[in-house]
Each structure stands twice: as C-alpha cells, then as structure tokens.
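Residue numbers (our numbering): 1207 to 1392.
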C-alpha cells in the first residue's frame, strides 16, 4: 500500500496512511476502523471532548492523559491507543477527525468500495439509505458506502458526491436555477 498515492493530502493523509499500514501489518484493519469511528462519534457528541481536541490551550500531557483514559475505558486496540498517543505528542490531535476519515477512505479502497457523501435536508431513514445504496451500486458497478449529512438549507432533495462526481437534486439548487432563468428572461 505504501507505493500508492495517499487519498487524503496533508497531515491527515500522512497519518492515516501510516496507521493503515501498521494496522494492515497487525491484521487489525477492522478493529482500528471501529475504534476510530467510536472516537470520532464521541468527539462529535461531547462539547468538552471537542474542546480538548481542538483547543491549543490544553497541554500535550493533559490531552494525552484524557485521551489515554478514554481509549482504555472504550476498550480500544493497543495500536489505536499508541497511534493517538503519537498524534497527541506531535500536537496534531486537532486533525483526528480528518485522520479517521482518511483512514476510512483507505480501508474502503482496499475493500474495493466507494464512499458516497449524501447530504439531505432531513435525516434519511434506513430504507432510504438502502435504496440509495442499491441505486449507486447499479450505477457504479460496485459496493458504495453511504456517509450521510443533514443540511436544512437544502429545503428538500439530495446532493450526492461520489469521488469527483456530484449530483445535486436539491430544492435549493432548483429554486436558484429558476431564479436565474427568470432574471435572464426578464
């Protein structure tokens, strides 16, 4: 894998590639992915944890103690614990969510999957996500993992991004197009 170009550029891409290669050697790709998903979910849910991760006010020692205790309590893999320790010591904890996202992309690529980022005005139910997965699988010719986001400004419809392709069928875009068409006509 080291001969491949990293999917994510910059700090997050380099760290994710290093973690992916270590996890691959240890045969722990899936457990590390699960650890990262749990950790990013915890960060997203907790204002205090998000402050700890993002704020430069906390020392590396404080961050290391807090993250170490959290990872041990969560039952994270030793590899994940050591990796997060390195990230903390190098003062890159602010990039942890981006590292986790890049790791997920590397894992999906190794599985032959694609990831589609789907943004909707309201949260999608499981049946809608399954239907979307099937449609994207038919269009792309392989399995597609769905990552959902909610943006109330869309008003309705979906914005689907797969790789460099984007399909915007949101009501906001349709209304904007109609507005521009009316300006040109008048």
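Cβ atoms here follow ideal geometry from the backbone N, Cα and C, with glycine treated the same way.
Closer than 9 angstroms to chain D by CB, residue i
| i | result |
| --- | --- |
| residue 1292 | Checking the listed chains, one finds no chain D in this structure; it contains a single protein chain. |
Nearest neighbour of residue i, chosen from the options [CA to CA]
| i | options | result |
| --- | --- | --- |
| residue 1342 | 1328, 1372 and 1355 | 1372 |
| residue 1362 | 1370, 1369, 1377 and 1350 | 1377 |
| residue 1241 | 1216, 1303, 1379 and 1295 | 1303 |
| residue 1380 | 1368, 1369, 1364 and 1370 | 1364 |
| residue 1368 | 1324, 1386 and 1336 | 1324 |
Beta-carbon proximity of residue i to residue j, cut-off 9 angstroms
| i | j | result |
| --- | --- | --- |
| residue 1326 | residue 1374 | no |
| residue 1258 | residue 1272 | yes |
| residue 1305 | residue 1229 | no |
| residue 1307 | residue 1222 | yes |
| residue 1295 | residue 1250 | no |
Alpha-carbon to alpha-carbon, residue j and residue i
| i | j | result |
| --- | --- | --- |
| residue 1209 | residue 1332 | Unreliable positioning characterises residue 1209 in this predicted model, as indicated by a pLDDT of 38, which lies under 50. A coordinate reading is not provided. |
| residue 1224 | residue 1383 | 44 angstroms |
| residue 1390 | residue 1366 | 28 angstroms |
| residue 1287 | residue 1388 | 57 angstroms |
| residue 1352 | residue 1244 | 17 angstroms |
| residue 1339 | residue 1319 | 12 angstroms |
| residue 1207 | residue 1321 | The pLDDT assigned to residue 1207 is 41, lower than 50, so where the model puts this residue is not dependable, and the model offers no usable value. |
Item to check | Inside the stretch 1320-1391 only - alpha helix (DSSP H) runs reaching at least 4 residues | outcome: 1332-1346 and 1377-1391
Check: Which residue spans inside the stretch 1212-1284 form an unbroken beta strand (DSSP E) run of at least 3?
Finding: none
**Request:** Check whether the stretch 1312-1329 touches the stretch 1291-1302, counting contact only when three or more Cβ pairs, one atom from each stretch, lie closer than 8 angstroms.
**Result:** no
Handout entry: Meets three-Cβ-pair contact criterion under 8 angstroms: the stretch 1343-1355 and the stretch 1277-1295
Key = no
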